[in-house]
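Take the sequence shown: its letter number 117 is residue 428 in the numbering used here, and every next letter is one higher.
Note that CB positions come from ideal geometry on N, CA and C, so glycine has one too.
To start, the structure under review is shown below, and the notes come after it.
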Amino acid sequence: MKDHEEQKVLQRNIFNLSELKNIMEEVRKLHITDKSILLLTGDLGAGKTTSIRILMELLGVSHQQVASPSFALHHHYKTSNGLNIDHFDLYRLEDQDDLESTGFWDVFATELPTLIAIEWADRLNWDYLPLDWKQIHLHFILVPSGELDTPSHREVTLFSKKGK
Ligand SMILES: Nc1ncnc2c1ncn2[C@@H]1O[C@H](COP(=O)(O)OP(=O)(O)O)[C@@H](O)[C@H]1O
Ligand SMILES: [Mg+2]
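In structure tokens:
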């Protein structure tokens, strides 16, 4: 295995929000550094925004502050112990040039401890992500129950790729 390849850390079937919270607690404790990118991929409604909300809560940002951003609305939060959080949602991103014009790449230029959380991260070419940031990738799959609009559960996979 090459040094900087993405590695599967865990895969779990989750049936409720408290099981999602357990995973996010693990992400907070074991994976978040002062320079990390949380890449969230997976179906609409699978739990990307919810995961970020739970993580913010665990980090000490109040629930009320956290919105689901639509693209071009970039949300910024700060925890009580000084971690900056930049939250993007790339759902409406049409091409990579839109990222340039919205200042997306500027957030990587910071010297401050920062977590960059990106919903619909598969809209982004990950080859352009700066190598000195740790990549934490959460992939969500909605597993159907057979009943319309009611998933049986979610399958969550966590991958990690260390920064150089
Ligand atoms: N693990 C879970 N168990 C139960 N409900 C969940 C879970 N994850 C998300 N949900 C619910 O699913 C809905 C959509 O979640 P959301 O986070 O907005 O999805 P996404 O951002 O991926 O489109 C919300 O009502 C949320 O409460
Ligand atoms: Mg969302």
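Grab the span of the alpha helix (DSSP H) containing residue i for me, first residue to last.
| i | result |
| --- | --- |
| Glu411 | 407–412 |
| Thr421 | First-last for Thr421: undefined, no H or E at that position. |
| Thr361 | 359–370 |
What are the start and end residues of the beta strand (DSSP E) that includes residue i?
| i | result |
| --- | --- |
| Thr344 | Note, Thr344: premise wrong, no beta strand (DSSP E); not H, not E. |
| His387 | 386–389 |
| Leu321 | 318–325 |
| Ile395 | Inspection of the sequence shows that residue 395 is occupied by Asn rather than by Ile. Its beta strand (DSSP E) spans residues 395–400. |
At a cut-off of 7 Å, is residue i close to ligand 1 when judged by its beta-carbon and the heavy atoms of the ligand?
| i | result |
| --- | --- |
| Ile325 | yes |
| Leu449 | no |
| Ala428 | no |
| Ala420 | no |
| Ala357 | yes |
Just checking my contact of residue i with residue j at CB under 8 Å: how many whole Å lie between their CB atoms?
| i | j | result |
| --- | --- | --- |
| Leu449 | Leu351 | 5 Å |
| Gly474 | Leu442 | 6 Å |
| Glu317 | Phe470 | 5 Å |
Between residue i and ligand 2, is the CB less than 7 Å from at least one heavy atom?
| i | result |
| --- | --- |
| Asp408 | no |
| Thr360 | yes |
| Asp417 | no |
| Asp400 | yes |
Using the DSSP secondary-structure output, state which residues sit across from residue i in a beta bridge.
| i | result |
| --- | --- |
| Asp433 | Answer is none; Asp433 lacks a bridge partner. |
| Lys472 | Gln446 |
| Glu466 | Asn324, Ile452 |
| Gly353 | Phe451 |
| Ile334 | Answer is none; Ile334 lacks a bridge partner. |
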